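Engineer:
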Amino acid sequence: MEFVPGIDIGLSEVVGVMVKALLVLITLLSLIIVRQVSLMHKVVSVHVGGNIKIVAFSFFVISLVLTGIVILG
Amino acid sequence: MPRVYSAEMKKKKEPAFAKATARRGKDNRVVEEIEKMCEEGLDRGVWQNLIVCPKKTKFESQNGKELILIMARKHLATNIGWILAVLVLSFVPLFWGEFPLIALVSSGVRFGIFVLWYLGLSLFAFQKMLLWFYNIYIITDERIVDVDFFGLLYKNINVTQIRQVEDVNYSQIGLMSSIFNFGDVVIQTASEQMSDDMSKEQSAFTFQAISRPDRVARVVMQLMEQEEKESYEGRVR
Chain A
1 MEFVPGIDIG
11 LSEVVGVMVK
21 ALLVLITLLS
31 LIIVRQVSLM
41 HKVVSVHVGG
51 NIKIVAFSFF
61 VISLVLTGIV
71 ILG
Chain B
1 MPRVYSAEMK
11 KKKEPAFAKA
21 TARRGKDNRV
31 VEEIEKMCEE
41 GLDRGVWQNL
51 IVCPKKTKFE
61 SQNGKELILI
71 MARKHLATNI
81 GWILAVLVLS
91 FVPLFWGEFP
101 LIALVSSGVR
111 FGIFVLWYLG
121 LSLFAFQKML
131 LWFYNIYIIT
141 DERIVDVDFF
151 GLLYKNINVT
161 QIRQVEDVNY
171 SQIGLMSSIF
181 NFGDVVIQTA
191 SEQMSDDMSK
201 EQSAFTFQAI
211 SRPDRVARVV
221 MQLMEQEEKE
231 SYEGRVR
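Written as structure tokens, this is what we have:
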């Protein structure tokens, strides 16, 4: 497919851009979840709240790393 | 010589809720009901649907001496739908070869789609778990609190005094609720509080799909009677 002369845009490129954009979105959502867990813990404080915060932060780190691998790879 | 018999009796430790509610007078059926629920093992754990006198638990507007008697969540059975969906969807990547569109993209993009799929599923499951865990209903010796989180950025907290409660009803509808013994407890207040989350609820204080709704309703009714008795005796705080 040639929208611009000399530049070929294939299905892989288009899908690749969409996948990278969605991965960035998921990373942002996981960051929002980290913040939301802190707010939830402030409203109702249970003794496993600290562990849940750690899990949320770990999920954010993992999604950040995987997004970095996919974007830079 | 080894001690065969000792007349020393260990003093039975009075439960915290008994001390806190002792100011309500000697005739305290709430204490008896809560004691009964503790003996049934409902005072243990954090992930349970119904916890009596939860330990190390506080909420935002809790007063210094206020005691949480019951903390309830929706029954675990209400999560079966999304748990099954996540389990089924987690096996979809095994059949990606059947989709011609996936076969057309490069291996790098296919890896990206794979990562995106599982990250998205994990995010969905984690968010559902958080909303189930933190959407709680609290009954203290003074108030009733309904904490609702909708999505990531919307929270709604309804609070009422026990003395403002006018009516308590409970219902169990459907096969699942009969099998797992959960149902709705509807608490009507004098002020007819309205809240944004009332699209499907009969009142601002509807405890949806909670375990043992009959026991919870009984505790609330006994608290109401206790408040009425205190107001006659002039002991209202």
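Chains as they are written, first to last, in this note's numbering: chain A, 1 to 73; chain B, 1 to 237. For every residue, glycine included, the Cβ atom is placed at its ideal position computed from N, Cα and C. Just so we're clear, the structure is a prediction, and the values are computed from it rather than from any experiment.
(1) For Leu66/A, is the classification buried or exposed, using 16 other Cβ atoms within 10 angstroms of its Cβ as the cut-off for buried?
(2) Name the chain B residues that come within less than 8 Å of Gly16/A, Cβ to Cβ?
(3) Count the other CB atoms within 10 Å of the CB of Leu42/B; is the residue buried (16 or more) or exposed (fewer)?
(4) Please state whether DSSP places Ala85/B in a helix, a strand or coil.
(5) For the segment 41-74 of chain B, which residues have a CB atom closer than 7 Å to at least one CB atom of chain A, in sequence order?
(6) Between Gly108/B, Phe182/B and Phe124/B, which lies nearest to Ile69/A when the distance is taken from Cα to Cα?
(7) Which residue's Cα is closest to the Cα of His47/A: Glu39/B, Phe126/B, Thr57/B and Cys38/B?
(8) Within the continuous beta strand (DSSP E) that includes Ala149/B, where are the two ends?
(9) Taking CB distances under 8 Å as the criterion, tell me whether Leu93/A reaches chain B.
(10) Let me see if you follow: with CB-CB separation under 8 Å, is Gln208/B close to chain A or not?
(11) How big is the Cα-Cα spacing for Ser211/B and Arg35/A?
(12) Buried or exposed for Lys74/B, please, with buried defined as at least 16 other CB atoms from any protein chain shown within 10 angstroms of its CB.
(13) Should Ala209/B be labelled buried (16 or more other beta-carbon atoms within 10 Å of its own) or exposed?
(14) Under 8 Å, Cβ to Cβ, is there at least one residue of chain A near Gly120/B?
(15) At what residues does the alpha helix (DSSP H) containing Asp43/B begin and finish?
(16) Can you check whether the C-beta of Lys20/A is within less than 8 Å of a C-beta belonging to chain B?
(17) Which residues, in chain order, does the segment 34-56 of chain A contribute to contact with chain B at a C-beta distance below 7 Å?
(18) Output, in chain order, the set of chain B residues within a Cβ distance shorter than 7 Å of Ser12/A.
(19) What is the C-beta distance between Val19/A and Ile113/B, in whole angstroms, given that I count them as a contact (C-beta under 8 Å)?
(20) Is it the case that the CB of Met129/B approaches a heavy atom of the ligand ADP more closely than 7 Å?
(21) Tell me which residue opens and which closes the alpha helix (DSSP H) that Arg35/A is part of.
(22) For chain A, is any of its Cβ atoms less than 8 Å away from the one on Leu76/B?
(23) Starting from the beta carbon of Phe59/A, find every residue of chain B whose beta carbon is closer than 8 Å, and list them in chain order.
(24) Where does Ala209/B sit, in a helix, a strand or coil, going by DSSP?
(25) Look up Asp214/B in the DSSP assignment and say whether it is helix, strand or coil.
(26) Note down, in chain order, each residue of its chain lying with its Cβ closer than 8 Å to the Cβ of Ser90/B, except the 5 sequence neighbours on either side.
(27) I need the boundaries of the alpha helix (DSSP H) containing Thr67/A, first residue and last residue.
(28) Taking the continuous alpha helix (DSSP H) assigned at Ile179/B, which residues delimit it?
(29) Can you say whether Val61/A is buried or exposed, counting buried as having 16 or more other CB atoms within 10 angstroms of its CB?
(30) Go through its chain and collect everything with a Cβ distance to Phe180/B's Cβ below 7 Å, but skip five positions before and after it.
(31) Helix, strand or coil: which one does DSSP assign to Phe111/B?
(32) Would you mind telling me which residues of chain B sit closer than 7 Å to Val65/A, beta carbon to beta carbon, in chain order?
Structural biologist: Taking the structure as given:
(1) buried
(2) Val105, Ser106, Gly108, Val109 and Gly112
(3) buried
(4) helix
(5) Val46, Lys56, Thr57, Lys58, Phe59 and Glu60
(6) Gly108/B
(7) Thr57/B
(8) What sits at residue 149/B in the sequence shown is Phe, not Ala. Start and end: Arg143 to Phe150.
(9) Residue 93/A lies beyond the residue range present for chain A, which begins at 1 and ends at 73; the question has no answer from this structure.
(10) no
(11) 30 Å
(12) buried
(13) buried
(14) yes
(15) Neither: Asp43/B is in no alpha helix (DSSP H) and is coded neither H nor E.
(16) yes
(17) Gln36, Val37, Met40, Lys42, Val43, Val44, Ser45, Val46, His47 and Val48
(18) Val105, Ser106 and Val109
(19) 6 Å
(20) The ligand content of the structure shown is nil, which means the ligand ADP is not present either.
(21) Leu11 to Val43
(22) no
(23) Ser122, Leu123 and Phe126
(24) strand
(25) helix
(26) Tyr118 and Leu121
(27) Gly49 to Leu72
(28) Leu175 to Phe180
(29) exposed
(30) His75 and Ala77
(31) helix
(32) None at all; the shortest Cβ gap to chain B is about 10 Å.
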